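Per our numbering, residue 2 is the first one in the sequence shown, and the count goes up by one each step. The C-beta atom is built at its ideal place from N, Cα and C for all residues, glycine as well. In this text, all values refer to a predicted model and were calculated from it rather than measured experimentally. Report on the following structure.
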Amino acid sequence: MKQKIFAIIASIALMAPTSVGALTAEDLQAQINDLLAQLGTLQTQLAASTGTPATGTPAACVGVTFTVNLTIGSTGADVKCLQALLNTDAATKVAVTGAGSPGNETTTFGPLTKTAVVKFQQKYASEVLTPLGLTAGTGFVGSATRTKLNAILTASVPTTPTTPTTPTTPTTPTTPTTPTTPTTPTPVVEPSEGSFTAIIAAAPASNASVTTLTNVPIYGIQFKAIGSNIKIDRLDLQAAATVPATGETVHPATLIKGISVYDGTTLLTEKTITVADVLKDSSGTYYIRITGIGFNVPKGETKVLTVKADFYTLEVNRTLVVRVYGDNGIRGVDTLGLSTWATVTTTRTHTILYLTAIGSSTLAATINVNTPKSSSVKVDSTNGVENVSMLNFNLKSTIGASNVTDVVVTATGDAAALAKISAIKLYDGTTLLGSVAPVSNVATFNDLSVSIAKDITKTLTAKADFAAGVTAGTRARLGVTAANAVTYEKPNLSTAQLSPTINGEYMYVFGDEVALFTISTPLSSVYTYDSTTPSLSTATGVITFKAKADGGTLTALVSGKITVKAINSNGDELDVTSKMIQRSLTTNVPDGSEDTITVNVTKTRGASALGLIYFKVTEIKWTMVGGSEITQNWGLEEFKTPAVNVQ
């Protein structure tokens, strides 16, 4: 295809002014237009087949081949070519305006270039990322990315020549000006094997009176690159935190909120620190692994990398000792892609002072509004059922931060259902804090570490596993109701306890067959006033719900099995005047199927006004074919219409 393109360009070139005499201007223009159309088609086909933009080689890329790895901090003609090449594709453009935009490319690899490289890598993921086992772009121009960039440069198509105009009589040429001296091209740096040295930097020094909490310098490393440019991409930072007043060792994640790494004033990477980010070896030493640093040290030069930290407000002094972890705590990569390792054993010690420390906190426990409503639960006759969500409760810390260490969860309900609870589980979001087999219906969770910052509310969830063989229709619920059910630590390390009264809703367990009811639409109510005979004024309501059979066949529901009441503002249940149901099915409900049931009810006003009323399903009697009738009055809280004013 490339040969065809060059042939067309050659044909256009041959239609130079010397050929005009053989053709009229109109004939010549027509042939040129035809060739240009063919050229455009072939360029589009070439772009589609190669996956590259149909453009010519950018001027910044003349004489450039990508031979060295590039990342944030890299400089040179290859960086400018990289930006120009990325700018040829709208999907990978470095910038729309300003530095890095088309025509304004620079020789410095910065954050905008990194973002554009990520887009490039993800566009060509099958060639650049997948072979390396990566699923997302990194912004680092390594060997795979360089190979693709060079392939695009090689496959670039010359730009379409402009249409020649009909020549005019040439003017007398002017004396040519003396050409300007061409600039010396930037030499291409050949990849080479290298290493580096690392020593403690003079700054930051140890600090015995840290009084700020953000961006505090805690460690500096001075690097020197030998034999090659070196990129430092990983650092293991050892961290030990203690309480000066007691000498007690505490987890670094209770002190360090975040880590950031700088090249001078340039932020290279930052990391929010959680318990999961702090690793612990077999000797009990804690360390934090920081990756994707991208700190570049040119060959033969010396540079300093600085680590900074953000700290929590814990209302008590902490001492932090940091150094590089282990013998291979620093990893650098040379221009051949070879890794070199080093360490720094010198420590820096910082004491973080909380001069306004109050050392206290208060914890409150309340029910969460999203606690599961009462429901029917199917328990498999062979395997039982796991993770039945039964209680959500809130813990809020005020005055200061709190650390929850113990929680007691109690199960109550019917003895037959309680006997089948094989495990009670406690979750912090999706994180399992513990699974405990209840003893006398009580599950005690010890040795927790649930940190709750000042004025923050954390929600915990209690779930239950039920063993097979439940007694149909028996019920159980979970609660935090025991004396001293919640134990927590205050910032001054003293402990306190709570004795809340928090209960979830009852869950009703059944064997292999169960009917499940869910509210649907429409839900409506209307009051029609009869001015001639007010006593005959009527309120009407519509309640629609679905009945699903799970594990067996549900006997068709009839009107007599569904109880609907009119509820007044005092909560009194009033009989309705009439009731009629419609079903979407004409048969029993097969296993796994749903029947949509619409209930239409009326309530005649009578001799006096009733005030605000609404209609509510208060009871459903259902039977699985071959089983006993179940009277269900749970899980129906939402089976009601809006209120109307019956005057």
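Worksheet item: Exposed or buried, what is Tyr326 when buried is set at 16 or more other beta-carbons lying within 10 Å of its beta-carbon?
Response: With at least 16 other beta carbons inside 10 angstroms of its own, Tyr326 counts as buried.
Worksheet item: For Lys464, which option in Gly480, Ala366, Asp576 and Lys426 has the closest C-alpha, if you only look at C-alpha atoms?
Response: With respect to the C-alpha of Lys464, the residue from Gly480, Ala366, Asp576 and Lys426 having the closest C-alpha is Lys426.
Worksheet item: For Thr72, which option in Asn105, Leu133 and Arg147 has the closest C-alpha, if you only look at C-alpha atoms?
Response: Looking only at Asn105, Leu133 and Arg147, the smallest Cα-Cα distance to Thr72 is reached by Arg147.
Worksheet item: Looking at the structure shown, is Asn151 part of a helix, part of a strand, or coil, going by DSSP?
Response: For Asn151, the secondary structure class from DSSP, reduced to helix, strand or coil, is helix.
Discussion item. By the three-class DSSP mapping on this structure, what secondary structure does Phe121 have?
Written reply: Helix at Phe121.
Worksheet item: So what's Pro245 in DSSP terms, helix, strand or just coil?
Response: Looking at Pro245 - three-state DSSP - the assignment turns out to be coil, as it is neither helix nor strand.
Item to complete: Give the C-beta separation of Asn297 and Lys225 to the nearest angstrom, bearing in mind that I take them to be a contact with Cβ-Cβ under 8 Å.
Response: 13 Å between Cβ atoms; not a contact.
Practice prompt. Starting from Ala516, follow the beta strand (DSSP E) in both directions and report where the run begins and ends.
Written response: Where Ala516 is concerned, the enclosing beta strand (DSSP E) stretches over Val515 to Thr529.
Discussion item. I'd like to know if the stretch 471-484 and the stretch 506-518 are in contact, where contact means that at least 3 CB-CB pairs between them fall below 8 Å.
Written reply: Three or more pairs of CB atoms, one per stretch, sit closer than 8 Å, so the stretch 471-484 contacts the stretch 506-518.
Discussion item. How far does the beta strand (DSSP E) with Val262 in it extend, from its first residue to its last?
Written reply: Run containing Val262: Ile257 to Asp264, per the beta strand (DSSP E) assignment.
Worksheet entry | Test item: CB-CB of Val487 and Val602 under 9 Å | Not a contact, by the Cβ cut-off of 9 Å.
Item to complete: Tell me whether Val510 sits in a helix, a strand or coil according to DSSP, three-state version.
Response: Strand.
Item to complete: Check the DSSP bridge columns for Ile582 and list the partner residues they point to.
Response: Among the bridge pairs identified by DSSP, Ile582 is matched with Val600.
Discussion item. With distance defined between alpha-carbon atoms, name the residue in Lys258, Thr66 and Ala444 nearest to Leu214.
Written reply: Considering only alpha carbons, the answer is Lys258.
Discussion item. Please state whether the Cβ-Cβ distance between Lys81 and Thr108 is less than 9 Å.
Written reply: Taking 9 Å as the Cβ cut-off, Lys81 and Thr108 qualify as a contacting pair.
Practice prompt. For Thr198, I'd like the list of residues in its chain whose CB is within less than 8 Å of its CB, leaving aside the five on either flank, ordered along the chain.
Written response: Exclusion of the five residues before and after Thr198 leaves Phe224, Lys225, Ile227 and Ala343 as the residues of its chain whose Cβ lies within less than 8 Å of its Cβ.
Discussion item. On a Cα-Cα basis, can you pick out the residue from Thr341, Lys374, Ile568 and Val590 that is closest to Val559?
Written reply: The shortest C-alpha to C-alpha distance from Val559 to any of Thr341, Lys374, Ile568 and Val590 is the one to Val590.
Discussion item. So, does the stretch 442-457 touch the stretch 373-389, judging by three or more C-beta pairs under 8 Å?
Written reply: Short answer: they don't touch.
Practice prompt. Taking only the alpha-carbon atoms, compute the straight-line gap between Glu595 and Lys379 and give it to the nearest angstrom.
Written response: Roughly 16 Å separates the two Cα atoms.
Item to complete: For Gln84, name the three-state secondary structure that DSSP assigns.
Response: In the structure shown, Gln84 adopts helical secondary structure according to DSSP, grouped into three states.
Worksheet item: Is it buried or exposed for Gly64, if we count other Cβ within 10 angstroms and need 16 for buried?
Response: Its Cβ having fewer than 16 others within 10 Å, Gly64 is exposed.
Worksheet item: When you compare only the Cα positions, how much space is there between Leu269 and Phe110?
Response: Taking the straight line joining both Cα atoms gives about 12 Å.
Worksheet item: Where do the ends of the beta strand (DSSP E) carrying Glu271 lie?
Response: First-last of the beta strand (DSSP E) with Glu271: Thr267 to Thr273.
Worksheet item: Taking the C-alpha atoms as reference points, what is the distance between Thr53 and Ser127?
Response: Residue placement at Thr53 cannot be trusted, given a pLDDT of 45 that sits under 50; what the coordinates show is reported in the next sentence. Thr53 and Ser127: Cα-Cα distance of roughly 14 Å.
Discussion item. Taking 8 Å as the cut-off, does the stretch 120-135 touch the stretch 89-104 (at least 3 CB pairs, one atom from each stretch)?
Written reply: Enough Cβ pairs lie closer than 8 Å, so yes.
Worksheet item: What are the boundary residues of the beta strand (DSSP E) that Leu419 is part of?
Response: Run containing Leu419: none in the beta strand (DSSP E); it sits in the alpha helix (DSSP H), Ala416 to Leu419.
Worksheet item: If you draw a straight line from the C-alpha of Arg478 to the C-alpha of Ser340, how long is it?
Response: Between Arg478 and Ser340, the C-alpha separation is close to 57 Å.
Item to complete: Take Asp264 as the anchor and find which of Thr243, Val308, Leu280 and Arg290 has the nearest alpha-carbon.
Response: Of the listed residues, the one whose Cα sits closest to Asp264 is Val308.
Item to complete: Have a look at Asp466 and Met625 and give me their C-alpha separation to the nearest angstrom.
Response: Cα-Cα distance, rounded: 24 Å.
Practice prompt. Note down the Cα distance separating Pro132 from Ser144, rounded to an integer number of angstroms.
Written response: The straight-line gap separating the alpha-carbon atoms of Pro132 and Ser144 is approximately 11 Å.
Worksheet item: In chain order, what residues of the same chain lie with their CB nearer than 6 Å to the CB of Thr482, ignoring the 5 residues before and after it?
Response: For Thr482, where only same-chain residues beyond five positions count, the Cβ hits under 6 Å are Thr411 and Thr502.
Item to complete: Grab the span of the beta strand (DSSP E) containing Val389 for me, first residue to last.
Response: Its beta strand (DSSP E) spans residues Val386 to Thr399.
Fill in: Buried or exposed (CB count within 10 angstroms, at least 16 for buried), Asp234
Around the beta carbon of Asp234, 16 or more other beta carbons lie within 10 angstroms, which makes this residue buried.
Worksheet entry | Three-state secondary structure assigned by DSSP to Asp278 | Helix.
Practice prompt. Kindly list the residues whose CB is nearer than 7 Å to the CB of Thr554, restricted to its own chain and excluding five residues on each side of it in sequence; keep chain order.
Written response: Contacts found: Asn589, Val590, Pro591, Asp592, Met625 and Val626.
Practice prompt. Starting from Ala126, follow the beta strand (DSSP E) in both directions and report where the run begins and ends.
Written response: Per DSSP, Ala126 belongs to no beta strand (DSSP E); it is in the alpha helix (DSSP H), Ala126 to Val129.
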